[in-house]
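Count the sequence shown with my numbering and you get residues 4 to 365, in order.
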Amino acid sequence: MPFCRVRCGYCDFNTYTPGEAGDGASSSYLTAVRSELDLAAREVGGRSVQSVFFGGGTPTWLPEPDLSGILTAIGERFDLTPDAEITTEANPETLTPEYLAALRGNGFTRISLGLQSVVPHVLRVLEREHSPQRGLDAARWASEAGFEHVSLDLIYGTPGESLDDWRASLDAVTRTPVDHVSAYSLIVEEGTRLAMQVRRGTVPMPDDDDLADKYLAAEEALAGLGFDNYEVSNWARPGGECRHNLAYWKGDDWWGIGPGAHSHVGGVRFWNRKHPRSYAQALSEGHSPALAREVLDDDQRRIERVLLELRLRDGLPLAVLTPTERARLASMGDLVELFGDRVRVARGARLLADGVIRDLLD
Numbered sequence: 004m005p006f007c008r009v010r011c012g013y014c015d016f017n018t019y020t021p022g023e024a025g026d027g028a029s030s031s032y033l034t035a036v037r038s039e040l041d042l043a044a045r046e047v048g049g050r051s052v053q054s055v056f057f058g059g060g061t062p063t064w065l066p067e068p069d070l071s072g073i074l075t076a077i078g079e080r081f082d083l084t085p086d087a088e089i090t091t092e093a094n095p096e097t098l099t100p101e102y103l104a105a106l107r108g109n110g111f112t113r114i115s116l117g118l119q120s121v122v123p124h125v126l127r128v129l130e131r132e133h134s135p136q137r138g139l140d141a142a143r144w145a146s147e148a149g150f151e152h153v154s155l156d157l158i159y160g161t162p163g164e165s166l167d168d169w170r171a172s173l174d175a176v177t178r179t180p181v182d183h184v185s186a187y188s189l190i191v192e193e194g195t196r197l198a199m200q201v202r203r204g205t206v207p208m209p210d211d212d213d214l215a216d217k218y219l220a221a222e223e224a225l226a227g228l229g230f231d232n233y234e235v236s237n238w239a240r241p242g243g244e245c246r247h248n249l250a251y252w253k254g255d256d257w258w259g260i261g262p263g264a265h266s267h268v269g270g271v272r273f274w275n276r277k278h279p280r281s282y283a284q285a286l287s288e289g290h291s292p293a294l295a296r297e298v299l300d301d302d303q304r305r306i307e308r309v310l311l312e313l314r315l316r317d318g319l320p321l322a323v324l325t326p327t328e329r330a331r332l333a334s335m336g337d338l339v340e341l342f343g344d345r346v347r348v349a350r351g352a353r354l355l356a357d358g359v360i361r362d363l364l365d
């Protein structure tokens, strides 16, 4: 869902405000989505669907009947398993108790709320519109609506954010009925308003040592609340892990619907045209919206498994590593953990994960 009412200054996602997308953008988007679902059904329609994830942009910018209507369209074309995980991302300012109750009644089981921070001056730097309380209220409303899983997205390392500010956001988790937290370090992406502010010296670049301290603070605080770090940037109470995200990390198959969406099916990766107009036009003319594709060979797929699965709590099967790589493990000391026939980056080395994996690979 590529639309947002406004674009946050740090965001480099494929998003468009109503003025940028043009009149009727949401209507043409909904028509195009159904056309791409028809295309996907022709290609992989015999397969069961175990999870659906509405990401953005702001999926909940759509009226609830339109958002739920996409889920209905998926169910009409695919075999949604009875226990399918149905997730939507949401910005708190778009939500009401009534909207959430309708989503839950129409089959959504999980919601991921873009809280980012509960500190007003941090939200201002990030150009988030919602108040701190609105995010906490939205989590409570989702729980009261009967959502099985409620997740908060947090960002640490915003210029001007102190360690106490970050701890305040972590403390807010205790005031919400959530079972999942994603915590990401702020990355200054080229082409964003934040990047321009950093170049001009208006705001400082996030400091790597500060980011490391805040990651460790997140691990300490969330572990104390019963959350386990099941992936580098994701913590969950038992049973609260996001199955859809784990499918990405484990290299499963998925079909991405919408402008700029990426897909991976049977070792083939492909991605759609980015602009909503060109995406919709291709489908209206009976063409695939895909812009390009790549076929991964066996070695590429193996390397990606190592890169991704070593970051998971469940780790990587040792059999995936070459004999040379397995021998190299012995010299890596407490940077890795061996358990049974699997290996993972040690919890204390998560901050060094990229380097650990680079040193391990042939």
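Idealized CB from N, CA, C, for every residue including glycine.
Source: prediction; values computed, not measured.
Span of the beta strand (DSSP E), counted from its first residue to its last, around residue i
{"i": "W238", "result": "237–239"}
{"i": "S266", "result": "265–268"}
{"i": "L294", "result": "293–298"}
{"i": "R272", "result": "271–275"}
Sheet register partners of residue i (DSSP bridge)
{"i": "L319", "result": "V346"}
{"i": "Y13", "result": "None; Y13 has no bridge partner."}
{"i": "E340", "result": "R347"}
{"i": "N232", "result": "W238"}
{"i": "S154", "result": "S115, H183"}
{"i": "Y159", "result": "S188"}
{"i": "V55", "result": "I89"}
{"i": "Y19", "result": "F6"}
{"i": "W252", "result": "Beta-bridge pairing links W252 to no other residue."}
{"i": "W257", "result": "H267"}
Residues of its chain near residue i, where Cβ-Cβ distance is below 7 Å and the 5 sequence neighbours each way are ignored
{"i": "A87", "result": "V52, Q53, S54, V55"}
{"i": "R353", "result": "V235"}
{"i": "R131", "result": "C11, Q119"}
{"i": "P180", "result": "A142, R143, S146, V153"}
{"i": "P320", "result": "D344, R345"}
{"i": "N17", "result": "P5, P262, G263, K277"}
{"i": "T99", "result": "none"}
{"i": "A356", "result": "V235, R314, V348"}
{"i": "G243", "result": "H152, D182, H183"}
{"i": "T97", "result": "T61, T63, W64"}
{"i": "R381", "result": "Because the chain is modelled from 4 through 365, residue 381 falls outside the range shown and cannot be assessed."}
{"i": "A198", "result": "V191, E192"}
{"i": "R107", "result": "A148, G149, F150"}
{"i": "L286", "result": "A35, S38, E39, P292"}
Close beta carbons around residue i, own chain, < 8 Å, minus the five adjacent residues each side
{"i": "P95", "result": "L116, G117, L118, H133, R137, G138, D140, A141"}
{"i": "A76", "result": "V36, R37, L40"}
{"i": "R170", "result": "A220, A224"}
{"i": "R246", "result": "Q53, S54, E88"}
{"i": "V122", "result": "P135, E164, D168, A171, S172"}
{"i": "T327", "result": "D365"}
{"i": "A333", "result": "none"}
{"i": "W252", "result": "E234, L311, E312, R314, L315"}
{"i": "R329", "result": "L321"}
{"i": "R178", "result": "L139"}
{"i": "R304", "result": "G254, G270"}
{"i": "V268", "result": "E46, V47, D256, W257, W258"}
Own chain, CB closer than 6 Å to residue i, minus 5 neighbours either side, in chain order
{"i": "R272", "result": "E297"}
{"i": "L214", "result": "G160, S188"}
{"i": "A43", "result": "W258"}
{"i": "V201", "result": "V191, M208"}
{"i": "A28", "result": "P279"}
{"i": "G58", "result": "E92"}
Element boundaries [alpha helix (DSSP H), containing residue i]
{"i": "V47", "result": "28–47"}
{"i": "R304", "result": "301–312"}
{"i": "S287", "result": "279–287"}
{"i": "A222", "result": "Note on residue identity: the sequence assigns Glu, not Ala, to residue 222. Counting along the chain, the alpha helix (DSSP H) containing E222 begins and ends at 211–227."}
{"i": "L332", "result": "326–332"}
{"i": "G358", "result": "356–363"}
Contact test: residue i Cβ vs the ligand GTP heavy atom, cutoff 7 Å
{"i": "S281", "result": "By its list of ligands, the structure shown contains no ligand whatsoever, and the ligand GTP lies outside what it can speak to."}
message: Check whether the region 141–151 and the region 105–113 are in contact - that is, three or more C-beta pairs closer than 8 Å.
response: yes
message: Across the region 80–88 and the region 116–133, are there enough close Cβ pairs to call them in contact, namely three or more that are closer than 8 Å?
response: no
message: For the region 200–216 against the region 287–294, do three or more pairs of beta-carbon atoms, one drawn from each stretch, fall closer than 8 Å, so that the two count as touching?
response: no
message: Contact between the region 217–228 and the region 170–188 is defined here as three or more beta-carbon pairs at a separation below 8 Å; is this criterion met?
response: yes
- request: List in chain order: all unbroken beta strand (DSSP E) runs of 3+ residues lying wholly within the region 71–151.
  value: 82–93, 113–119
query: Where are the alpha helix (DSSP H) runs, 4 residues long or more, that stay fully inside the region 165–202, in chain order?
result: 166–175
task: Take every Cβ of the region 91–106, pair it with every Cβ of the region 65–73, and state whether three or more of those distances are shorter than 8 Å.
output: yes
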